[in-house]
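Structure, as structure tokens:
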Amino acid sequence: METKTLVLGVIGSDVHAVGNKILEISLKEAGFNVVNLGVLVSQKEFVEAAVETSADAIMVSSLYGHGEIDVRGLREALIEAGIGDILMYIGGYLVVGSQEWSEVEAKFRNLGFDRVYPPSTLPEDFIPTLKEDLGM
Amino acid sequence: METKTLVLGVIGSDVHAVGNKILEISLKEAGFNVVNLGVLVSQKEFVEAAVETSADAIMVSSLYGHGEIDVRGLREALIEAGIGDILMYIGGYLVVGSQEWSEVEAKFRNLGFDRVYPPSTLPEDFIPTLKEDLGM
Amino acid sequence: MAEQITHDRLDWDELQAERTEVLASWPTGREVDLDEAVEYHRKMPLELNFGKRLLQAKEEGHTLAQPRAGVADLNSHRELLLFLQNEGGADLLPTTIDSYTRQNRYEEAEKGLAESVREGRSLLNGFPAVNHGVANCRSLVEALSVPVQVRHGTPDARLLAEITLAAGFTAYEGGGISYNIPYAKRVPLEKSLRDWQYVDRLVGYYEEQGITINREPFGPLTGTLVSPCISHSVAVIEAVLAAKQGVKNITLGYGQCGNITQDVAALQTLTILAEEYLQAENIDDVEITTVFHQWMGGFPADEAKAFGVISLGGITAALGKATKVIVKTTHEALGIPTKEANAQGIRATKQVLNMLQDQVYPENPNLAEEREIILQETRLILDRTLELGEGDWAKGAVRAFAAGVIDIPFAPSSQNAGRTMPARDNQGAVRFLSWGNLPFTKEIQDFHRAKLAERGQAEKRSPNFQMVIDDIYAIGQGRLIGRPR
Amino acid sequence: MAEQITHDRLDWDELQAERTEVLASWPTGREVDLDEAVEYHRKMPLELNFGKRLLQAKEEGHTLAQPRAGVADLNSHRELLLFLQNEGGADLLPTTIDSYTRQNRYEEAEKGLAESVREGRSLLNGFPAVNHGVANCRSLVEALSVPVQVRHGTPDARLLAEITLAAGFTAYEGGGISYNIPYAKRVPLEKSLRDWQYVDRLVGYYEEQGITINREPFGPLTGTLVSPCISHSVAVIEAVLAAKQGVKNITLGYGQCGNITQDVAALQTLTILAEEYLQAENIDDVEITTVFHQWMGGFPADEAKAFGVISLGGITAALGKATKVIVKTTHEALGIPTKEANAQGIRATKQVLNMLQDQVYPENPNLAEEREIILQETRLILDRTLELGEGDWAKGAVRAFAAGVIDIPFAPSSQNAGRTMPARDNQGAVRFLSWGNLPFTKEIQDFHRAKLAERGQAEKRSPNFQMVIDDIYAIGQGRLIGRPR
Ligand code: B12
Ligand code: B12
């Protein structure tokens with residue numbers, strides 16, 4: 185089975201590094217090829233890394249609350265870069281405060297994410313779905 | 185000024201003794217003549233004590249939640265004993281659980297109490313009113 | 140009557156006439172068939188046995204969490220317990236009995252129950268187990284997956300014991316002193332002691348059949364500034380009296396006072412003293428565990444503040460390595476808690492218990508001194524009690540209360556001298572402002588005097604009754620010590 | 140650049156060109172008039188001075204409670220702070236700055252602010268003080284009756300300092316290391332150290348005018364299993380660097396790890412070490428106070444459990460006699476808290492602080508050993524740092540990070556070696572699984588190895604990275620130590 189490549193990073197001015205490290209480790213353990221951009225990642229860096237590594241999916245984290253502002257236009261930038269239909273996940277504390285989850289999910293789906301995960305998501309909660317989505 | 189006599193007690197199967205002791209001390213300090221029947225006081229004891237001591241007011245406590253059942257008929261018993269218009273206060277945890285205070289108050293007013301006090305009432309919260317009600 | 144009671148084991152055969160009478164005192168008594176009940180217990184899954192669960196926890200060094208809870212109606216009560224088990228994560232469950240049942244007023248309980256069902260809300264402050272009877276209570280026990288205990292406050296708890304033990308409850312709270320003096324006004328101590336010997340003998344009978352039933356004297360007494368030496372004395376006497384009747388699994392209790400060092404010392408000395416006095420009676424087959432009660436006096440009305448009090452209790456229990464902790468709720472100062480509030484109290488408590496599972500309050504000179512004081516004071520009280528009883532603990536207890544040698548502050552009972560007056564010292568430990576007739580040595584009297592003088596100096600007032608009143612209100616008002624403001 | 144930085148005091152006159160530049164970098168910079176600002180401070184009521192309030196608390200032996208809080212819009216933020224003061228009973232107030240401002244992205248902050256006002260909810264995770272400017276910020280300070288501090292996480296906080304200090308804030312959190320390594324990825328340490336020397340020099344200028352401004356290095360760093368020796372090393376270096384610039388009122392911080400003995404030892408050694416190293420630099424006119432941060436890592440999502448964590452933090456702060464405690468909320472694992480949740484966290488904390496005000500964690504051999512370990516480890520790190528810096532703390536800090544002599548676990552910064560790996564021992568104290576290049580003696584290395592071996596044995600697994608992951612999740616999952624299940 186061919187190894188799938190994931191681009192991983194925490195978007196915007198966000199420095200929450202702990203979850204990012206754990207995701208990297210868990211995804212590697214699960215057999216993925218992980219390109220971890222770390223924290224404080226701009227949209228541009230996400231797009232470039234995905235193009236360069238011919239990534240199969242982008243995993244965006246946002247913990248600090250500005251996710252809503254930070255991800256606007258990311259899907260469009262991917263389209264512009266010619267990889268508009270790449271699988272894209274997001275997880276973390278996506279908005280400021282705690283809002284009705286169904287609304288948050290809808291909001292980020294509209295912003296171009298294929299799957300949206302709430303806080304306290306464990307690696308085992310989404311890795312099976314990710315494999316399914318990537319046809320593994 | 186003539187000293188006013190109060191009959192004090194915790195009604196029914198209720199053994200909460202601490203508040204009762206504090207009330208006794210505070211009311212004595214405030215210049216009342218206090219007849220303290222203590223805890224586990226039946227309606228009959230309240231009525232008899234009030235008659236015997238020609239009391240000016242009856243101070244009923246109920247802490248344990250059965251107050252609602254325990255005080256039914258007390259005003260009627262006082263009427264029967266010929267002291268139907270004696271001033272009567274009640275205080276404590278009057279019902280089981282915590283219910284809307286206005287409803288609890290209305291309920292106990294209907295049961296014949298002139299004034300109804302919620303939990304955590306301090307002596308200084310009601311003694312001035314008591315003096316007023318007794319024309320002191 | 141004081142002359143009649145002894146601490147000797149009741150003869151089982153002789154007890155049968157009395158049992159018949161007790162069982163006849165309310166219709167549901169007929170449901171009790173002791174042989175069948177023993178069979179029933181034998182078939183119960185072992186993990187539902189309260190005493191066994193406690194011993195396991197003691198061995199592992201864990202502290203278990205147990206709430207208080209009881210409502211009138213059977214279905215609602217079952218739901219309540221299931222909620223506390225599943226949503227609260229309670230390790231042990233209670234069934235708190237209503238106050239009419241506690242005074243053997245089963246008719247009033249019946250009315251309250253009927254009205255509760257009619258109105259769809261509990262008008263009783265607990266579960267009237269006698270009125271519900273054996274079969275109903277079994278449906279309760281069977282629904283649960285953790286052990287369940289009867290908790291009440293009943294001077295004469297014979298019928299309640301017959302019914303609930305036959306129903307599969309494996310733990311029973313109370314005792315002849317601890318369920319009389321704080322819970323009654325005019326019940327003679329001889330009578331409550333004898334009625335509790337009946338209960339203990341019944342438990343002893345189950346033990347003879349190989350069924351472990353846990354017994355727990357009610358530690359906190361009046362819950363209000365009760366010095367450890369008082370509650371420890373009562374606990375030890377009730378433990379000895381129970382053991383004499385054949386009880387083999389005993390949990391001794393203590394209600395949080397608020398000074399952590401004093402509280403941990405109290406927990407540590409409880410077992411030491413119980414084992415010491417049981418040993419002296421040549422009893423060595425009794426398993427002792429401990430229970431710490433989160434603050435039993437007046438609570439703050441604010442729920443966040445109440446969480447603080449609850450957590451401090453949980454933390455003290457964990458650091459003092461209590462076998463279990465009885466959990467308060469954030470509704471304590473509001474009224475009987477909702478099931479949600481009750482579950483929250485358990486969860487906050489379990490969080491701190493789990494976090495501190497592997498930590499213990501450090502041994503240190505103050506702790507040792509505090510233990511020493513508790514040991515000395517309690518021994519003085521107990522030894523004088525035994526002396527008064529001429530070697531008999533039951534007689535001794537009766538005479539000790541009559542003499543004020545044991546004297547519980549704020550107790551409503553006429554059997555209680557009511558001459559002791561507690562107050563906090565400058566670190567918040569509970570001391571005596573007046574020790575009445577407690578048989579304290581001059582040295583110990585001086586200790587208390589000095590401790591309160593120290594506080595008086597800090598507060599620029601001489602120790603007096605106002606301090607006591609201030610201390611009673613203090614925790615409710617967000618502090619431990621009732622300092623003048 | 141590492142060659143350029145020194146720990147010497149910046150020349151005030153020479154700094155003026157840079158100040159002009161900084162103030163010109165965003166329009167609100169124009170509002171700063173330093174002479175007028177000093178006048179403004181002089182007229183402020185004394186009880187609003189943060190540093191003075193801390194010294195008073197230290198003297199009285201009380202622990203003060205301070206929340207974190209900040210929203211985008213001025214009026215909402217003012218309301219929020221008033222709520223925390225009046226309903227929460229906060230002794231000290233914060234103004235938490237948003238993350239765009241922290242990265243000097245004032246334009247994005249402006250957009251976020253505008254959108255927040257439009258939508259009627261905060262889209263920013265804090266208060267963009269630079270965008271609001273001096274006059275607006277003053278309206279905030281003036282509305283309050285307790286002192287207020289700027290709390291952020293800004294590597295280059297020069298403009299923010301100019302504006303907020305001119306606005307009457309009397310306390311400013313952060314430092315060249317603690318607001319870089321955990322909060323940035325690519326900011327050179329020389330740059331952040333130099334930018335914070337600017338801030339400290341500015342504070343020093345206020346001090347020269349007789350205005351006390353409190354400075355607080357950010358103690359918890361990444362908030363996740365940070366061993367005391369790491370955060371203490373950073374705290375001491377930042378204290379010395381600040382003092383060199385004329386800062387006179389410093390609060391040193393430490394984030395709760397969860398083992399009470401270790402946490403109390405950490406609080407006690409913080410002051411000892413700071414005074415020791417300040418003394419060595421012949422600085423003796425700096426007032427040191429301490430701040431304890433309630434658990435800074437992942438929280439349980441359940442609010443009742445969160446109350447347990449919060450209360451344990453409050454209790455540890457009180458027993459360890461921290462001067463103040465930074466309070467978490469029950470919404471920690473849910474998102475930025477509502478003002479109600481924030482006030483609840485303060486009230487729960489204040490309840491336990493008040494109850495334990497007169498109690499202290501008892502001196503005992505384990506505590507002494509824990510202090511000794513922290514002292515030794517920190518001194519090893521600090522002495523090697525100074526050696527690397529050839530007597531200069533600023534140079535030393537840069538070189539120590541480059542060499543991994545100071546190495547903060549989980550930090551995002553490329554300036555950080557990232558070779559240390561913490562894990563809890565069998566009592567929950569934070570130890571090192573890997574100490575990377577920390578200059579530990581063989582004895583200390585053996586100590587850590589033994590501690591983790593002990594845990595490994597208890598858990599029947601050899602100490603490895605899975606332990607670390609388990610420990611990171613543990614408190615959120617209701618435990619302290621991430622035991623296998
Ligand atoms: C530790 C911490 C910090 C540390 C971070 C240190 C570092 N550099 O890493 C410090 C103290 C520096 C910090 C700073 C701040 N923080 Co912070 N922080 C936390 C905290 C307590 C724990 C985060 C953590 O490490 N969790 C453990 C890891 C393992 O879990 P995780 O990060 O959630 O990641 C897991 C999942 O979310 C999921 N996941 C994550 N990303 C993705 C992506 C995909 C695709 C999927 C499928 C899953 C997934 O999988 C991960 C592994 O299980 C949380 C609250 C909490 N959770 O209890 C707040 C929190 C995230 N912080 C918050 C805030 C606001 C801040 C600050 C702005 C300061 C402030 N106002 O108080 C600054 C922001 C700095 C910045 N510019 O980013 C808020 C965010 C609020 C919101 N969104 O509404 C939180 C929720 C706290 C709160 N309730 O206010 N913080
Ligand atoms: C200490 C205590 C006990 C002790 C009592 C010892 C004793 N013999 O005195 C013990 C442990 C034995 C006990 C037992 C029980 N208790 Co109790 N107890 C308390 C507790 C914690 C404090 C009471 C107290 O002493 N407060 C201090 C004094 C100074 O205040 P106070 O009693 O409220 O009195 C003041 C005011 O109310 C007012 N006041 C009182 N009466 C009157 C009358 C008038 C006219 C006026 C104007 C004012 C007034 O003035 C007083 C002085 O300020 C309260 C909860 C709380 N408040 O935190 C529960 C509480 C009262 N108990 C309660 C219950 C249910 C019980 C039990 C049934 C056990 C159970 N199910 O858990 C038994 C009942 C036994 C019985 N038959 O009565 C409930 C009542 C619930 C309800 N009504 O919904 C409470 C509220 C706890 C709870 N939330 O569940 N209890």
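From first to last, the protein sequence lines stand for chains A, B, C and D. Take 185 as the starting number for the first sequence in the numbering used here and just add one per residue. Take 185 as the starting number for the second sequence in the numbering used here and just add one per residue. Take 140 as the starting number for the third sequence in the numbering used here and just add one per residue. Take 140 as the starting number for the fourth sequence in the numbering used here and just add one per residue. Ideal Cβ positions, reconstructed from N, Cα and C, are used throughout, including at glycine. No experiment lies behind these values; they were computed from the predicted model shown.
Open item on the list: Taking DSSP's pairing of strands, which residues face ALA204 of chain C in a bridge?
Closed with: C:VAL464, per the DSSP bridge assignment.
Open item on the list: Considering only heavy atoms of ligand 2, does any lie closer than 8 Å to the CB of GLU471 of chain C?
Closed with: Checking every heavy atom of ligand 2 against the Cβ of GLU471 of chain C, one is found closer than 8 Å.
Task: Contacts around VAL285 of chain C, its chain only, beta-carbon distance under 8 Å, and the 5 residues preceding and following it disregarded - done: Only GLU186, LEU187, ARG192, GLN224, ALA229, ASP230, LEU231 and LEU232 meet the Cβ criterion.
TODO: Can you pull the chain D residues whose beta carbon is under 7 Å from the beta carbon of GLN395 of chain C, in chain order?
DONE: Here the premise fails: no neighbours, minimum Cβ distance about 11 Å.
Task: With 16 other Cβ atoms within 10 Å as the buried cut-off, status of ILE611 of chain D - done: The residue in question, ILE611 of chain D, is buried, as its Cβ has 16 or more Cβ neighbours within 10 Å.
- [ ] Taking only runs that begin and end inside the segment 356 to 395 of chain D, name each unbroken alpha helix (DSSP H) of 4 or more residues, in chain order.
- [x] Unbroken alpha helix (DSSP H) runs of no fewer than 4 residues, entirely contained in the segment 356 to 395 of chain D, are found at 367 to 383, following chain order.
TODO: Classify GLU312 of chain D as helix, strand or coil using the three-state DSSP reduction.
DONE: DSSP places GLU312 of chain D in strand when its eight states are reduced to three.
Open item on the list: Do GLN242 of chain D and LEU224 of chain A count as a contact pair if the criterion is CB distance below 9 Å?
Closed with: Yes, these two residues count as a Cβ contact at 9 Å.
Open item on the list: I need the straight-line Cα distance from VAL544 of chain C to ARG523 of chain C, nearest angstrom please.
Closed with: VAL544 of chain C and ARG523 of chain C: Cα-Cα distance of roughly 8 Å.
Task: For ALA456 of chain C and PHE438 of chain C, believed in contact at Cβ under 8 Å, the rounded distance - done: Contact flag wrong, Cβ pair sits at about 17 Å.
Task: Spatial distance of VAL202 of chain A from THR305 of chain B (CA atoms) - done: If you take the alpha carbons of VAL202 of chain A and THR305 of chain B, they lie about 50 Å apart.
- [ ] Give a yes or no on whether the minimum CB-CB distance between TYR239 of chain C and chain D is below 9 Å.
- [x] So, not an interface residue.
Open item on the list: On the CB-based measure, 16 or more other CB atoms within 10 Å of its CB, does HIS200 of chain A come out buried or exposed?
Closed with: With at least 16 other beta carbons inside 10 angstroms of its own, HIS200 of chain A counts as buried.
Open item on the list: Please state the DSSP three-state secondary structure of GLU509 of chain C.
Closed with: Reduced to three states, the DSSP call for GLU509 of chain C is helix.
Open item on the list: Closer than 7 Å between beta carbons: that is the criterion. Which residues of the segment 554 to 573 of chain D meet it against chain C?
Closed with: Listed by position along the chain: ASN565, GLN566 and GLY567.
TODO: With 9 Å as the C-beta to C-beta threshold (strictly closer), list the residues of the segment 189 to 214 of chain B near chain C in chain order.
DONE: Those would be VAL194, GLY196, SER197, ASP198, VAL199, HIS200, ALA201, VAL202, GLY203, ASN204, LYS205, ILE206, ILE209 and SER210, in chain order.
- [ ] Would you list, in chain order, the members of the segment 179 to 203 of chain C that have their beta-carbon closer than 8 Å to a beta-carbon of chain B?
- [x] Taking 8 Å as the Cβ-Cβ cut-off against chain B, none of the residues of the segment 179 to 203 of chain C qualify.
Open item on the list: Would you say GLU252 of chain B lies against chain C (beta-carbon separation less than 9 Å)?
Closed with: Contact of GLU252 of chain B with chain C is assigned, a C-beta pair being separated by under 9 Å.
Task: Contact list for PRO501 of chain D against chain C, beta-carbon separation under 7 Å - done: Residues of chain C passing the Cβ test: THR400, PRO501, ASN503, ASN505 and LEU506.
Open item on the list: Within a Cβ cutoff of 7 Å, which residues of the same chain sit near GLU226 of chain D, ignoring the five residues on either side of it in sequence?
Closed with: Excluding residues within five positions, the ones whose Cβ falls inside 7 Å are ALA482.
Open item on the list: Check whether chain B comes within 9 Å of ALA141 of chain C, counting only Cβ atoms and requiring the distance to be less than that.
Closed with: Any reading at ALA141 of chain C needs caution, since the residue's pLDDT is 43, under 50, leaving its predicted position unreliable; the model's value is listed next. Output row for ALA141 of chain C: interface = no.
Open item on the list: With a threshold of 9 Å between beta-carbons, can PHE357 of chain D be considered close to chain A, or not?
Closed with: Not closer than 9 Å to any Cβ of chain A, the Cβ of PHE357 of chain D fails to qualify, so no.
- [ ] Report yes if the C-beta of ASP198 of chain B is less than 8 Å from at least one heavy atom of ligand 2; otherwise report no.
- [x] Yes.
Open item on the list: Shorter than 8 Å, the distance from the beta carbon of LEU306 of chain A to the closest heavy atom of ligand 1, or not?
Closed with: For ligand 1, at least one heavy atom lies less than 8 Å from the Cβ of LEU306 of chain A.
Task: Every unbroken beta strand (DSSP E) within the segment 190 to 220 of chain B, with a cutoff of 3 residues, ordered by chain - done: List check, beta strand (DSSP E) in window: 217 to 220.
Open item on the list: If I measure Cβ to Cβ from TYR345 of chain D and keep anything under 6 Å in the same chain, skipping five residues before and after, which residues do I get?
Closed with: These residues qualify, in order along the chain: ILE352.
- [ ] Leaving aside the five residues before and after ALA539 of chain D along the sequence, list all residues of the same chain whose C-beta is less than 6 Å from its C-beta, in chain order.
- [x] In its chain, beyond the 5 residues on either side, THR524, LEU527 and ILE545 have a beta carbon closer than 6 Å to the beta carbon of ALA539 of chain D.
- [ ] Would you please state the rounded distance, in angstroms, between the beta carbons of ASP497 of chain D and ASN565 of chain C? I believe it to be under 8 Å.
- [x] Indeed, because the Cβ distance is near 6 Å, the residues count as touching under 8 Å.
Open item on the list: When you measure from the CB of THR468 of chain C to every non-hydrogen atom of ligand 4, does any distance come out below 8 Å?
Closed with: The model depicted lacks ligand 4 and carries ligand 1 and ligand 2 instead.
- [ ] Report whether the distance from the Cβ of THR363 of chain C to the nearest heavy atom of ligand 2 is below 8 Å.
- [x] Inclusion of THR363 of chain C in the 8 Å shell around ligand 2 follows from its C-beta lying nearer than that to a non-hydrogen atom of the ligand.
- [ ] Since I believe ILE422 of chain D is in contact with ALA382 of chain D (beta carbons under 8 Å), could you give me their beta-carbon distance rounded to a whole number of angstroms?
- [x] The pair is a contact, with the Cβ atoms about 5 Å apart (cut-off 8 Å).
Open item on the list: Within a Cβ cutoff of 6 Å, which residues of the same chain sit near GLU254 of chain C, ignoring the five residues on either side of it in sequence?
Closed with: Excluding residues within five positions, the ones whose Cβ falls inside 6 Å are LEU262.
- [ ] State the start and end residues of the unbroken alpha helix (DSSP H) segment that holds GLU426 of chain C.
- [x] Going by DSSP, GLU426 of chain C is part of no alpha helix (DSSP H) but of the beta strand (DSSP E) stretching over 426 to 432.
TODO: Indicate, with yes or no, if ligand 1 has a heavy atom lying under 8 Å from the CB of ILE611 of chain D.
DONE: Answer for ILE611 of chain D: yes, Cβ within range of ligand 1.
- [ ] Could you work out which residues of chain D lie near SER245 of chain A, taking near to mean beta carbons separated by less than 7 Å?
- [x] Per Cβ cutoff of 7 Å: no residues; SER245 of chain A is ~12 Å from chain D at best.
TODO: Flag PRO551 of chain D as yes when its Cβ comes closer than 8 Å to any non-hydrogen atom of ligand 1, and as no otherwise.
DONE: Yes, the beta carbon of PRO551 of chain D sits closer than 8 Å to at least one heavy atom of ligand 1.
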